[in-house]
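Student: In UniProt numbering, the protein residues as written are 1 to 162.
Note that the Cβ used here is the ideal one computed from N, Cα and C, for glycine as well.
Fair warning: this is a prediction, and the values are worked out from it, not measured in the lab.
This is the structure I have questions about; it appears just below.
Listed below in structure tokens is the structure:
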């Protein structure tokens, strides 16, 4: 990926990112440096936290900062978590949307349209970031797609090095 622009964020921009992530995921991202990176050949707008791509902006308006998969594994969230069983790991890791039969637990505070983190029940590692298609109370069940995948282990963003 070719870097289009890269600049350090102002303290108010950093505060807005930290506040958004804390309110959504219940975790504080504390670091020495925050740099926003935009790419020529990618849709991702990323924030490097101490040099690592740990935050991304989801959507066209850059108003929805959220942790990347790396970020979620570095700063494990306490909210908006959807946990999948071992049978779903390969599919979710390959970028598939999350289906009800693979879910063993979902945070009840999740509302339709929320960004969520997907983790696996065995080791608690985070595998993907997605958008909830239903409320958390409706995620466990027999059939249907309930989380649209946005970013997952192994994609270009996950493999990014700067």
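1. Between the C-alpha atoms of residue 100 and residue 106, what's the straight-line distance to the nearest angstrom?
2. How big is the Cα-Cα spacing for residue 17 and residue 97?
3. Is the separation between the beta-carbon of residue 67 and that of residue 146 shorter than 8 Å?
4. Based on Cα-Cα distance, which residue from 153, 20 and 19 lies nearest to residue 91?
5. Sort 2, 155, 32 and 6 by Cα distance to residue 15 and report the nearest one.
6. Three Cβ pairs or more, each shorter than 8 Å: is that satisfied between the segment 48-60 and the segment 76-93?
7. Do residue 132 and residue 149 have their C-beta atoms within less than 8 Å of each other?
8. Does the Cβ of residue 83 have 16 or more other Cβ atoms within 10 Å, making it buried, or fewer, making it exposed?
9. Quickly, what does DSSP pair residue 73 with across the bridge? List them, please.
10. Determine the DSSP secondary structure at residue 25, reduced to helix, strand or coil.
11. Given this structure, state the Cα-to-Cα distance separating residue 64 from residue 89, to the nearest angstrom.
12. Tell me the residue span of the alpha helix (DSSP H) that contains residue 128.
13. Going by beta carbon distance, what residues of the same chain come within less than 7 Å of residue 57, once the five residues before and after it are set aside?
14. Within 10 Å of its beta-carbon, does residue 69 have 16 or more other beta-carbons around it, so buried, or fewer, so exposed?
15. Nearest to residue 137 by CA position, among 108, 143 and 120, is which residue?
Tutor: According to the structure shown:
1. Position 100 of the chain shown, counted from the start, is the residue given in the question as residue 100. Position 106 of the chain shown, counted from the start, is the residue given in the question as residue 106. Those two C-alpha atoms are separated by around 10 Å.
2. Translated into positions along the chain shown, residue 17 becomes position 17. Translated into positions along the chain shown, residue 97 becomes position 97. Approximately 26 Å between the Cα atoms of the pair.
3. Taking the chain shown and counting its residues from 1, the one referred to as residue 67 is at position 67. Taking the chain shown and counting its residues from 1, the one referred to as residue 146 is at position 146. Their beta carbons are not under 8 Å apart, which means residue 67 does not touch residue 146 by this criterion.
4. Against the chain shown, residue 91 aligns to sequence position 91. It is 153 whose Cα lies nearest to the Cα of residue 91.
5. Stepping through the chain shown from its first residue, residue 15 is reached at position 15. For the residues 2, 155, 32 and 6, the minimum Cα distance to residue 15 belongs to 32.
6. Cβ pair count under 8 Å is below three, so no.
7. Taking the first residue of the chain shown as position 1, residue 132 is located at position 132. Taking the first residue of the chain shown as position 1, residue 149 is located at position 149. The answer is no: Cβ separation not under 8 Å.
8. Position 83 of the chain shown holds residue 83. Buried is the call here.
9. As a first step, residue 73 must be located in the chain shown, where it is residue number 73. Residue 73 pairs with nothing; no bridge assigned.
10. What you label residue 25 is simply residue 25 of the chain shown in a count that begins at 1. Note: residue 25 maps to helix in three-state DSSP.
11. Taking the first residue of the chain shown as position 1, residue 64 is located at position 64. Taking the first residue of the chain shown as position 1, residue 89 is located at position 89. Going by the C-alpha atoms only, they are around 26 Å apart.
12. For the purposes of this step, residue 128 is taken as the residue at position 128 of the chain shown. Element bounds for residue 128: not the alpha helix (DSSP H) but the beta strand (DSSP E), 126-132.
13. In the chain shown, counting from the first residue as 1, residue 57 sits at position 57. Leaving aside the five residues that flank residue 57 on each side, the residues in its chain whose CB is nearer than 7 Å to its CB run, in chain order, 45, 64 and 65.
14. Translated into the one-based positions of the chain shown, residue 69 becomes position 69. Counting Cβ neighbours within 10 Å, residue 69 comes out buried, since at least 16 surround it.
15. Here residue 137 refers to the residue found at position 137 when the chain shown is read from its first residue. Residue 108 is the option with its Cα nearest to residue 137.
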